[in-house]
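**Q**
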Ligand code: AMP
Ligand code: MG
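Numbering (the numbering used here), first residue to last: 131 to 527.
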């Protein structure tokens, strides 16, 4: 059996990075991978401005403890004031430019007014409540790097710099096929011996969240010729061909043989649970990835192996799922030889608990779970021991 890290490294080594790019408006760029560094064309803030609603003061430098000022102007956000002389103040609002001469802003809550006379409760330190030009971003600074996946905050940052469009890698075209004569689509009656196709929907949703262009090809029957025909046609239309089922050792598993016939195949028995059978290969110019059929195995292997591969293929620089260390609210006495990803949840005390049924077909475990606990082969865990927890929420986009 292949070690998980070795399998992942071998898979990532095959990930040819996308080269096609496209220019997208910010409103369409969420989740896409940036193809170039972004350099700030301006300073942010673009000018010294007030961080408070209050009064901009010209505190005489020779008398910094001054508490009496005369209000001579009013500056709203978007307006521009004029220079203040020593001892003068301007009514000012958050975001409004600091007028020439002003050297501090006092919060309105910290002063009293009598007509145009302003009295401070206490002296104000020089520089107080002024946001300085370029304090957040300075002109020429690299603010975003090629390979970053665009988050809402990154899009806002680009907008704050006046950038309306970003160059991102073109989406991967991914064809999805499910295999199995037992599969029936939801919404249809369920004949004896059949089951509903679950993997098509978990995987389509995952691929959609990654921004892939989907070629949804439905179900392949368990026949060699039909499988060859379906895979050959699919490979023409996509960068990556993803299947579920049909890659284990039963004689009804035709996907392996069909991929071998059409291209090349590496069939891996990866030492992980759930999800031992996993296939990687090529058909023509398309990558082929065959996931196990059991719904939990299919989704866990997708998350732990295929998602990083997709991200790498898409030009992303951060591939590994984020993980945290949390105390276990369970005990495990194991001598297993497979690394195991348990469906888990944090309890109110901040420890992780495991779902009672960890079977590879028990999809309710993944609905209940907030994350996966990653336990190396052969590990014994005592209650309170630190364990690695991978939040699922981070993998749903
Ligand atoms: P296989 O890898 O084809 O032997 O499938 C392993 C198990 O997963 C079998 O119990 C299949 O019925 C089940 N399975 C395969 N594909 C799907 C699917 N798309 N949705 C739900 N269960 C599936
Ligand atoms: Mg099957």
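Backbone N, C-alpha and C define an ideal beta-carbon position, used for all residues, glycine too.
Quick one: what's got a C-beta closer than 7 Å to residue 126's C-beta in the same chain, skipping five residues either side?
**A** Residue 126 falls outside the range modelled here, since the chain spans only 131 to 527, and no answer is possible.
**Q** Could you give the first and the last residue of the continuous beta strand (DSSP E) run that contains residue 516?
**A** In the chain shown, the residue the question calls residue 516 occupies position 386. Residues 516 to 521.
**Q** Should residue 302 and residue 148 be called a contact, given that it needs their Cβ atoms to be closer than 8 Å?
**A** Along the chain shown, read from residue 1 onward, the residue named residue 302 stands at position 172. Along the chain shown, read from residue 1 onward, the residue named residue 148 stands at position 18. Cβ distance < 8 Å, so residue 302 and residue 148 count as in contact.
**Q** For residue 152, tell me which candidate among 493, 296, 281, 341 has the shortest Cα-Cα distance.
**A** Position 22 of the chain shown, counting from 1, holds the residue named residue 152. Answer by Cα proximity: 296.
**Q** Roughly how many whole angstroms lie between the Cα atoms of residue 440 and residue 336?
**A** For the purposes of this step, residue 440 is taken as the residue at position 310 of the chain shown. For the purposes of this step, residue 336 is taken as the residue at position 206 of the chain shown. Answer to the nearest angstrom: the Cα atoms are 11 Å apart.
**Q** Comparing alpha-carbon positions, which option in 460, 409, 414, 471 lies nearest residue 426?
**A** Mapped onto the chain shown, residue 426 falls at position 296. The shortest Cα separation from residue 426 among 460, 409, 414, 471 belongs to 471.
**Q** What number of angstroms, rounded off, separates the C-alpha of residue 238 from the C-alpha of residue 282?
**A** Along the chain shown, read from residue 1 onward, the residue named residue 238 stands at position 108. Along the chain shown, read from residue 1 onward, the residue named residue 282 stands at position 152. Spanning the two alpha carbons is a distance of roughly 33 Å.
**Q** What residues in its chain sit with their C-beta under 8 Å from that of residue 264, if we drop five residues either side in the sequence?
**A** Taking the chain shown and counting its residues from 1, the one referred to as residue 264 is at position 134. Counting only Cβ-Cβ distances below 8 Å, and skipping sequence neighbours, we find 173, 174, 175.
**Q** With residue 504 as the anchor, note down where its beta strand (DSSP E) starts and where it stops.
**A** Numbered from its first residue, the chain shown carries residue 504 at position 374. Where residue 504 is concerned, the enclosing beta strand (DSSP E) stretches over 501 to 505.
**Q** Closest to residue 310 by C-alpha separation, out of 375, 216, 289, 316, would be which residue?
**A** Numbered from its first residue, the chain shown carries residue 310 at position 180. The option with the nearest alpha carbon to residue 310 is 375.
**Q** Buried or exposed for residue 157, please, with buried defined as at least 16 other CB atoms from any protein chain shown within 10 angstroms of its CB.
**A** Taking the first residue of the chain shown as 1, we reach residue 157 at position 27. With fewer than 16 Cβ atoms within 10 Å of its Cβ, residue 157 is classed as exposed.
**Q** So for residue 485, helix, strand or coil by DSSP?
**A** Here residue 485 corresponds to residue number 355 of the chain shown, with the count starting at 1. Three-state result, residue 485: coil.
**Q** On a Cα-Cα basis, can you pick out the residue from 496, 369, 512 that is closest to residue 481?
**A** On the chain shown, position 351 is the one that residue 481 refers to. Residue 512 is the option with its Cα nearest to residue 481.
**Q** Flag residue 526 as yes when its Cβ comes closer than 7 Å to any non-hydrogen atom of the ligand MG, and as no otherwise.
**A** As a working mapping, residue 526 is identified with position 396 in the chain shown. Flag unset: Cβ of residue 526 not near the ligand MG.
**Q** Leaving out the 5 sequence neighbours to the left and right, which residues in its chain are closer than 6 Å to residue 404 when beta-carbon positions are compared?
**A** As a working mapping, residue 404 is identified with position 274 in the chain shown. Excluding residues within five positions, the ones whose Cβ falls inside 6 Å are 426, 427, 430, 490.
**Q** Please name the residue in 450, 380, 406, 417 whose C-alpha comes closest to that of residue 395.
**A** In the chain shown, the residue the question calls residue 395 occupies position 265. Comparing Cα-Cα distances from residue 395 to each of 450, 380, 406, 417, the minimum goes to 417.
**Q** Indicate the three-state DSSP secondary structure (helix, strand or coil) for residue 224 in the structure shown.
**A** For the purposes of this step, residue 224 is identified with residue 94 of the chain shown, where counting begins at 1. Note: residue 224 maps to coil in three-state DSSP.
**Q** Assuming residue 475 contacts residue 499 (C-beta within less than 8 Å), just tell me the rounded distance between them.
**A** The residue given as residue 475 occupies position 345 in the chain shown. The residue given as residue 499 occupies position 369 in the chain shown. Correct: roughly 6 Å between the Cβ atoms.
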